[in-house]
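Scroll down for the structure; my scribbles are underneath it.
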Amino acid sequence: KAGVTQTPRYLIKTRGQQVTLSCSPISGHRSVSWYQQTPGQGLQFLFEYFSETQRNKGNFPGRFSGRQFSNSRSEMNVSTLELGDSALYLCASSFPGTEKNGYTFGSGTRLTVV
Amino acid sequence: GIQVEQSPPDLILQEGANSTLRCNFSDSVNNLQWFHQNPWGQLINLFYIPSGTKQNGRLSATTVATERYSLLYISSSQTTDSGVYFCATGTYKYIFGTGTRLKVLA
Chain B
88 KAGVTQTPRY LIKTRGQQVT LSCSPISGHR SVSWYQQTPG QGLQFLFEYF SETQRNKGNF
148 PGRFSGRQFS NSRSEMNVST LELGDSALYL CASSFPGTEK NGYTFGSGTR LTVV
Chain P
0 GIQVEQSPPD LILQEGANST LRCNFSDSVN NLQWFHQNPW GQLINLFYIP SGTKQNGRLS
60 ATTVATERYS LLYISSSQTT DSGVYFCATG TYKYIFGTGT RLKVLA
């Protein structure tokens, strides 16, 4: 059974550019969450999607957005990149009703903004 | 909002040693999970443990919800146990602790 797949694994972008990250959940999983991990702030929740709808949102500026497709794959977009957006971006997926038992995380996309 | 703190922040062990990692939370929680982040960045779900004790091989965890803390025990540590251990609470939105970075030396 394939795990949560995130692409690309590594990315280098320039300040001011925009970036799109992709997350393919485990087959059958419909909830997809995104997290940002930085050395200074630790792991922080970005947003969660379920059935193509954003269900929960963290405290990030509007430059961070996401969407979910009908096949549950999700993308997140960061516009007007800043140096502080350099981070490991993790997505996680869960089967409906089993969120309490834990999400399965992908290996992440490491974004470097120069 | 709820605060989750972990101790110690860093831990270095010789292979074969035992260790206890602690997670304190500032308010009552209805779920608590432990994760291991491997050197490649992936978070591996270790335990879902809102209360009580669970064991899985050399790892075990105990949560005392009334006293707002959870403990992760690692026995007979191996080099593959190295990485960062996080506790987290929440359902659709995890609040992660500050993490304990563990290095096991051969």
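Sequence order for the protein chains is B and P.
Per the numbering used here: the first sequence ends with 201, consecutive numbering throughout.
Per the numbering used here: the second sequence ends with 105, consecutive numbering throughout.
Positions of the beta carbon are idealized from the N, C-alpha and C atoms, including for glycine.
No experiment lies behind these values; they were computed from the predicted model shown.
If you follow the beta strand (DSSP E) that residue i is in, where does it begin and where does it stop?
| i | result |
| --- | --- |
| alanine 87(P) | 82-88 |
| phenylalanine 91(B) | The amino acid at residue 91(B) is misidentified as phenylalanine; the sequence shows valine. Here valine 91(B) belongs to no beta strand (DSSP E), and DSSP marks it neither H nor E. |
| tyrosine 97(B) | 97-100 |
| glycine 129(B) | 129-137 |
| isoleucine 11(P) | 9-13 |
| valine 119(B) | 118-125 |
| leucine 31(P) | Neither: leucine 31(P) is in no beta strand (DSSP E) and is coded neither H nor E. |
Helix, strand or coil for residue i per DSSP?
| i | result |
| --- | --- |
| aspartate 26(P) | coil |
| leucine 175(B) | strand |
| leucine 170(B) | helix |
| threonine 52(P) | strand |
| alanine 64(P) | helix |
| threonine 79(P) | helix |
| tyrosine 93(P) | coil |
| glycine 40(P) | coil |
| glutamine 104(B) | coil |
Can the beta-carbon of residue i be found closer than 9 Å to that of residue j?
| i | j | result |
| --- | --- | --- |
| isoleucine 48(P) | glutamine 32(P) | yes |
| serine 74(P) | serine 59(P) | yes |
| serine 114(B) | serine 181(B) | no |
| serine 157(B) | valine 165(B) | no |
| cysteine 110(B) | arginine 142(B) | no |
| phenylalanine 24(P) | arginine 67(P) | yes |
| leucine 12(P) | leucine 70(P) | no |
| alanine 179(B) | valine 91(B) | yes |
Determine the burial state of residue i: buried for a count of at least 16 other Cβ atoms within 10 Å of its Cβ, exposed for fewer.
| i | result |
| --- | --- |
| tyrosine 122(B) | buried |
| glutamine 104(B) | exposed |
| glycine 15(P) | exposed |
| asparagine 55(P) | exposed |
| aspartate 80(P) | buried |
| threonine 65(P) | exposed |
| serine 138(B) | exposed |
Let me check you understand the geometry: is the CB of residue i closer than 8 Å to at least one non-hydrogen atom of the ligand FMN?
| i | result |
| --- | --- |
| glutamine 32(P) | This structure lacks the ligand FMN; in fact it carries no ligand of any kind. |
Do the region 124-137 of chain B and the region 87-105 of chain P meet, that is, are 3 or more Cβ pairs less than 8 Å apart?
-> yes
Three-pair Cβ contact test at 8 Å for the region 38-46 of chain P versus the region 189-198 of chain B | Touching, yes, given that three or more Cβ pairs across the two stretches are closer than 8 Å.
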